[in-house]
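Notes follow once the structure below has been shown.
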Amino acid sequence: MNKQFKKADVVIIGGGVFGCAIAYYYTRNNPGQKIIVLDRNELCNAATSHAAALVTKIRAKKSFIPLSLETYQVVAEMEKILGESMDMKFCGVIHLAASEARLAELKELMAIAEEFNQAAHYISPEEAHQMSPWLKTDEALSIGYMPDEAYCDPYLLGTFFSRCAKLQGAEFIQGLEATNLIMEGNDVLGVHTKEGDIIAGTTIVASGAWAPKFAREAGVSLPMAPTRSQYWITEKNAIFPVNSPIVLLPDAQAYARPEGGSLLFGIRERNSLSVSADVIPSDVNDFSFSPDKGVQDLSEVIDRLARFFPKVYDIGMKYYVAGFSGYTPDNNLSMGIAPGVNHLLMATGCVGAGISVSGGVGLAFAELAAGKENPYDFSAFDLQRFGEVDPFSPEWLERCARARSTKVSG
Ligand SMILES: Cc1cc2nc3c(=O)[nH]c(=O)nc-3n(C[C@H](O)[C@H](O)[C@H](O)COP(=O)(O)OP(=O)(O)OC[C@H]3O[C@@H](n4cnc5c(N)ncnc54)[C@H](O)[C@@H]3O)c2cc1C
1 MNKQFKKADV VIIGGGVFGC AIAYYYTRNN PGQKIIVLDR NELCNAATSH AAALVTKIRA
61 KKSFIPLSLE TYQVVAEMEK ILGESMDMKF CGVIHLAASE ARLAELKELM AIAEEFNQAA
121 HYISPEEAHQ MSPWLKTDEA LSIGYMPDEA YCDPYLLGTF FSRCAKLQGA EFIQGLEATN
181 LIMEGNDVLG VHTKEGDIIA GTTIVASGAW APKFAREAGV SLPMAPTRSQ YWITEKNAIF
241 PVNSPIVLLP DAQAYARPEG GSLLFGIRER NSLSVSADVI PSDVNDFSFS PDKGVQDLSE
301 VIDRLARFFP KVYDIGMKYY VAGFSGYTPD NNLSMGIAPG VNHLLMATGC VGAGISVSGG
361 VGLAFAELAA GKENPYDFSA FDLQRFGEVD PFSPEWLERC ARARSTKVSG
């Protein structure tokens, strides 16, 4: 061991939305216990601040839903603590089905909404077009509307968690890298940093795209791959009303939401990009996601989108945003207690849904770190469900990239 820098009950590697959320719940539920969150950059600098930030509640993967419901609950809780609004945009979701397969999925989704007591009803193509004037609805077989869905500013969400956690006693250290885990046999004892060792009863890896490297040190093969997510923001136009709903177009494998008078949209590219965690620079903004700002990717699939958004050919694109999310072959989260080692938790593998599920993930890991039971069923997210995998191998990266490009929604 090196010189001791600090000691805590819990140390978290990574101050993105997961790390900040865990710190919030841990300090709320365990007053007097010490937790340290370490980020080598500024808080929420990586995936979190780049997210489109749909806070989707109603989705086909039912195991995500209680986690997202908790996010809505905790936002209201933190707004009370801080006496400030987070300005969540409760604009609702339009879900348009234009094929028999997607129609069956929409029916299932409406039933799921009912099961979870969430408002949802069908609307006419005219109503949908009135709410979202850019949307061409003549191919719609059916359109569902979920009025209570929202999107948010993801950076604000992360910093609401961190500000409340600080008020409750959490310590955040920015600009300091966790270089390695401190291991003694099968026990993880904390992290090494250039300032010295941080010794902790429990270590939580919440380092996003870089998480497979810490897992490897502990002999754990983390089943996820850093995979590019990307979206575009158009120029402003009157056809994109500021308060219009989020639109999900599973037949186009696309989503869109208003962004201050512009339209923000994402579409599954034909060839997704998954890379080894070893090649991602420590500041994700130094990574070249696309030399042409996604123009080639977009041009390969734009016809799919144009079926529902014909003006996409005429409207200028103002911004291109890309970042890494941890994808898995089954599009389920990949997180939980690290197998085969002691005192190590992996808050990882967000499959592009980390903003939505951050509340539940924060609560789950805070409870696990305190030695309590996980209040949620994480069996679908089990770290050993794919058997023995090499998360750095080209075959694995290809499997995860394919899972993203074939995903139709969520
Ligand atoms: C383009 C895009 C669109 C998205 N859209 C949505 C959406 O609409 N809805 C949704 O729910 N989710 C969305 N996501 C996913 C969401 O952004 C992520 O799931 C979420 O931000 C993951 O948070 P995190 O804390 O795990 O990771 P991150 O935010 O990446 O945080 C990891 C942190 O770890 C730090 N770190 C790494 N290594 C070290 C080290 N050695 N020492 C110290 N610190 C370290 C990094 O600096 C970073 O701050 C999107 C993502 C992208 C990229």
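All the letters of the sequence shown, read from the start, carry residue numbers 1 to 410 under UniProt numbering.
C-beta: ideal position from N, C-alpha, C; glycine also.
For residue j and residue i, the rounded distance between their alpha carbons
i	j	result
S221	S393	11 Å
I302	R257	17 Å
N243	K89	8 Å
N332	G169	33 Å
D263	V188	Rather than Asp, the amino acid found at residue 263 in this sequence is Leu. Those two C-alpha atoms are separated by around 46 Å.
M224	P125	39 Å
V74	G158	12 Å
D292	S276	22 Å
P154	T27	21 Å
M86	T56	17 Å
G19	P31	18 Å
F289	V10	34 Å
E100	L69	29 Å
F324	P250	22 Å
G362	F172	16 Å
CB contact flag (residue i, residue j, <8 Å)
i	j	result
R268	R404	yes
G196	K7	no
Q230	A322	yes
S274	T227	yes
M146	V93	yes
V37	S358	no
A252	L298	no
I13	V295	no
A369	T202	yes
E127	I246	no
E388	P375	no
residue 427	A353	Residue 427 falls outside the range modelled here, since the chain spans only 1 to 410, and no answer is possible.
A401	G326	no
L176	T193	yes
A97	L141	yes
A364	F161	no
P310	F386	no
R307	E139	yes
F116	I58	yes
L82	C152	no
Span of the alpha helix (DSSP H) around residue i
i	result
R402	394 to 405
H129	125 to 131
E100	100 to 115
D303	295 to 306
G352	Neither: G352 is in no alpha helix (DSSP H) and is coded neither H nor E.
P154	154 to 167
L383	L383 -> no alpha helix (DSSP H), and no H or E assigned at all.
E77	65 to 82
R216	211 to 217
S49	47 to 50
beta-carbon residue i near ligand 1 non-hydrogen atom, thresh 7 Å
i	result
E195	no
R40	yes
Y155	no
E177	yes
Y72	no
Q4	no
V389	no
W396	no
G185	no
F378	no
S276	no
G323	yes
Q253	no
I13	yes
N45	yes
I36	no
V17	yes
Segment limits, beta strand (DSSP E) that includes residue i
i	result
S325	317 to 327
S262	262 to 267
P241	Premise fails: P241 is in no beta strand (DSSP E) and is neither H nor E.
E231	One detail in the question is off: residue 231 reads as Tyr in this sequence, not Glu. Run containing Y231: 225 to 234, per the beta strand (DSSP E) assignment.
I36	35 to 39
G19	Not the beta strand (DSSP E): G19 falls in the alpha helix (DSSP H), residues 17 to 29.
H95	93 to 97
R257	254 to 259
E184	180 to 184
D197	196 to 205
T193	187 to 193
E42	No beta strand (DSSP E) holds E42; DSSP gives it neither H nor E.
residue 431	The question about residue 431 has no answer, for the chain in this structure spans 1 to 410.
E8	A small correction: the amino acid at residue 8 is Ala; Glu does not occupy that position in the sequence shown. First-last of the beta strand (DSSP E) with A8: 4 to 13.
Q118	Careful: Q118 lies outside any beta strand (DSSP E) and carries neither H nor E.
Residue i: CB within 7 Å of a non-hydrogen atom of ligand 2
i	result
V279	Of the ligands this structure carries, namely ligand 1, none is ligand 2.
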